[in-house]
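Student: Quick one: structure below, then a few questions.
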Amino acid sequence: MPELPEVETVRAALEPVISGQVIAFVRLTRADLRWPLPEYLDKRLVGQRCSAPKRRSKYILIDLSNQETLLIHLGMSGAIRLYNQKPNFAKHDHFSVELESGQWVVFSDPRRFGHLDLFASAATPTHPLLSVLGVEPLSDEFTDRELTSLMRGRKTPIKSALLDQRLIAGLGNIYVSEVLFRSGISPRRKAGTIAGQRAVRLTEAIKAVLSEATSAGGTSLRDHIQPGGEIGYFAQNLCVYGQAGQPCVNCGLAIKHIIQSGRSSFYCPSCQR
DNA sequence: AACAAGACCTGCATGC
DNA sequence: TGCATGCAGGTCTTGT
4 MPELPEVETV
14 RAALEPVISG
24 QVIAFVRLTR
34 ADLRWPLPEY
44 LDKRLVGQRC
54 SAPKRRSKYI
64 LIDLSNQETL
74 LIHLGMSGAI
84 RLYNQKPNFA
94 KHDHFSVELE
104 SGQWVVFSDP
114 RRFGHLDLFA
124 SAATPTHPLL
134 SVLGVEPLSD
144 EFTDRELTSL
154 MRGRKTPIKS
164 ALLDQRLIAG
174 LGNIYVSEVL
184 FRSGISPRRK
194 AGTIAGQRAV
204 RLTEAIKAVL
214 SEATSAGGTS
224 LRDHIQPGGE
234 IGYFAQNLCV
244 YGQAGQPCVN
254 CGLAIKHIIQ
264 SGRSSFYCPS
274 CQR
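Below is the structure:
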């Protein structure tokens, strides 16, 4: 489900609810999601005080008072919901936390591509899933020069390169199509040809689209829902994703759908070169 | 080393 | 109605 804007939306909703709160009870109904969960995850969490949740790429990180950090990834279909009292649990509610405030945080994930882990907060190197991540696209370190240097020499299509989390960490399939549309770049263009003004336009588009989508609460198509039950409103701002055959908002030509590295790409063959 | 395809899993829409 | 097929917002692993 979630790309950076959806995960940031979840993180922000979690913040006022869990910051400073102590975990009173954990309901764990599976021993594995994508991978086996840490042993005694439930017991290790009870009694811990949570700090404000942080985000790195599509991961949510919660530092605990025992110097461990809870890592959460929502995979494709994961969602977190908040309740003011004990909810009626559904089929795929695999992991739920009751806080001392009486509020409940429920993690549900039908496809189970998501993941939970616990690791020492001060671990160096850090968690292996985090250590391979590339630059955070909304940070000041991500500039057109950095983008150019990351893409230099790459023969893979720019679409595929932007999905590679080791280069830029946080974009997913929806927003890659959108940022390429906004910067007028074809998803088929070789990544290594991104430089100069093209790199400037693409960098600006990445920052703008991710920021706007975050402000809108993300994109709700199938699975994404904000923790409070609200949908995200960026779907109405999508120019190309899922718009195959529809007229381009710029030129009116039909939006095209192709498969690259096994994943859908949408673009305007006239506006994007 | 870089890249593409395969794998993981469930649910839903579509078409026969 | 039932069944097969294909597709879905991710990413690690395997194979070329």
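Quick note on the working numbering: the first sequence kicks off at 4 and runs consecutively. The beta-carbon is built from N, C-alpha and C at its ideal position, and this holds for glycine as well. Note that the structure is a prediction, hence the values are computed from the model and not measured.
DSSP has PHE122 in a bridge; who is on the other side?
Tutor: Looking at the DSSP assignment, PHE122 forms a beta bridge with THR72.
Student: In the structure shown, what three-state DSSP assignment does PRO8 receive?
Tutor: Three-state DSSP puts PRO8 in a helix.
Student: Inspect the beta-carbon positions of CYS274 and ASN253 and report whether they are closer than 9 angstroms.
Tutor: Their beta carbons are under 9 angstroms apart, which means CYS274 touches ASN253 by this criterion.
Student: Between which two residues does the alpha helix (DSSP H) holding ILE65 run?
Tutor: It is not in any alpha helix (DSSP H) - ILE65 instead sits in the beta strand (DSSP E) that spans 62 to 66.
Student: With distances taken between CB atoms, is the gap from ALA257 to GLY248 smaller than 9 angstroms?
Tutor: Yes; because the gap between Cβ atoms is below 9 angstroms, this pair is in contact.
Student: Ignore the nearest five residues each way along the sequence and tell me which others in GLY175's own chain have a CB closer than 8 angstroms to its CB.
Tutor: PRO5, GLU6, LEU7, LYS61 and LEU166, listed in sequence order.
Student: Assign SER22 to buried or exposed, taking buried as 16 or more other Cβ atoms, counted over all protein chains shown, within 10 Å of its Cβ.
Tutor: With fewer than 16 Cβ atoms within 10 Å of its Cβ, SER22 is classed as exposed.
Student: Between which two residues does the alpha helix (DSSP H) harbouring SER214 extend?
Tutor: Its alpha helix (DSSP H) spans residues 199 to 218.
Student: Hey, out of GLY245, SER54, VAL25 and GLU42, whose CA is closest to TYR178's CA?
Tutor: It is GLY245 whose Cα lies nearest to the Cα of TYR178.
Student: Evaluate ILE209 with the Cβ neighbour count: other Cβ atoms within 10 Å of its Cβ, from every protein chain shown; 16 or more gives buried, anything less gives exposed.
Tutor: Result: buried.
Student: Report all residues from its chain with a CB closer than 8 angstroms to the CB of THR146; omit the five preceding and five following residues, and keep chain order.
Tutor: Excluding positions up to five away in sequence, the list reads THR206.
Student: For GLU233, collect the residues of the same chain with a Cβ closer than 8 angstroms to its Cβ; drop the 5 residues on either side in sequence, then sort them by chain order.
Tutor: Same-chain partners within the cutoff: GLY220.
Student: Check whether the Cβ of LYS57 sits closer than 8 angstroms to any heavy atom of the ligand MN, and report yes or no.
Tutor: What this structure holds is no ligand at all, so the ligand MN is not there to describe.
Student: Closest to PRO272 by CA distance: which of GLY187, TYR236, SER80 and ARG225 is it?
Tutor: Cα-wise, what sits closest to PRO272 is GLY187.
Student: What are the start and end residues of each continuous beta strand (DSSP E) run of 3 or more residues lying completely inside the region 118 to 170, in chain order?
Tutor: Complete beta strand (DSSP E) runs here, min 3: 118 to 123.
Student: How far does the beta strand (DSSP E) with LEU31 in it reach, from first residue to last?
Tutor: 26 to 31 is the span of the beta strand (DSSP E), which, as asked, contains LEU31.
Student: Once the 5 residues before and after ALA34 are set aside, which same chain residues still bring their CB inside 7 angstroms of it?
Tutor: Same-chain partners within the cutoff: LEU40.
Student: According to DSSP, is ARG59 helix, strand or coil?
Tutor: The answer is strand: DSSP assigns ARG59 an E or B state.
Student: DSSP puts ARG52 in a beta bridge; with which residues?
Tutor: In DSSP, ARG52 forms a bridge with VAL25.
Student: Count Cβ pairs between the region 76 to 91 and the region 107 to 117 that sit closer than 8 angstroms; are there 3 or more?
Tutor: These segments touch.
Student: Taking 8 angstroms as the threshold, find out whether the region 194 to 201 comes into contact with the region 152 to 169 through three or more Cβ pairs.
Tutor: Enough Cβ pairs lie closer than 8 angstroms, so yes.
Student: Using C-beta distances below 8 angstroms, list every residue in its chain close to ILE262, excluding the 5 sequence neighbours before and after it, in chain order.
Tutor: Same-chain partners within the cutoff: SER268.
Student: DSSP has SER273 in a bridge; who is on the other side?
Tutor: Note: SER273 sits in no beta bridge, so no partner.
Student: Have a look at ARG52 and GLY173 and give me their C-alpha separation to the nearest angstrom.
Tutor: Rounded to whole angstroms, ARG52 to GLY173 spans 28 angstroms at the Cα level.
Student: For CYS242 and GLY199, what's the separation of their Cα atoms in angstroms?
Tutor: Roughly 25 angstroms between the two C-alpha positions.
Student: Shortest alpha-carbon distance to LYS57 belongs to which of VAL13, ASP45, ALA202 and PRO230?
Tutor: For the residues VAL13, ASP45, ALA202 and PRO230, the minimum Cα distance to LYS57 belongs to VAL13.
Student: By a C-beta neighbour count over all protein chains shown, 10 Å radius and 16 as the cutoff for buried, is ARG148 buried or exposed?
Tutor: Per the 10 Å Cβ criterion, exposed.
Student: Find out if the Cβ-Cβ distance for the pair LEU119, GLY137 is shorter than 9 angstroms.
Tutor: Not a contact, by the Cβ cut-off of 9 angstroms.
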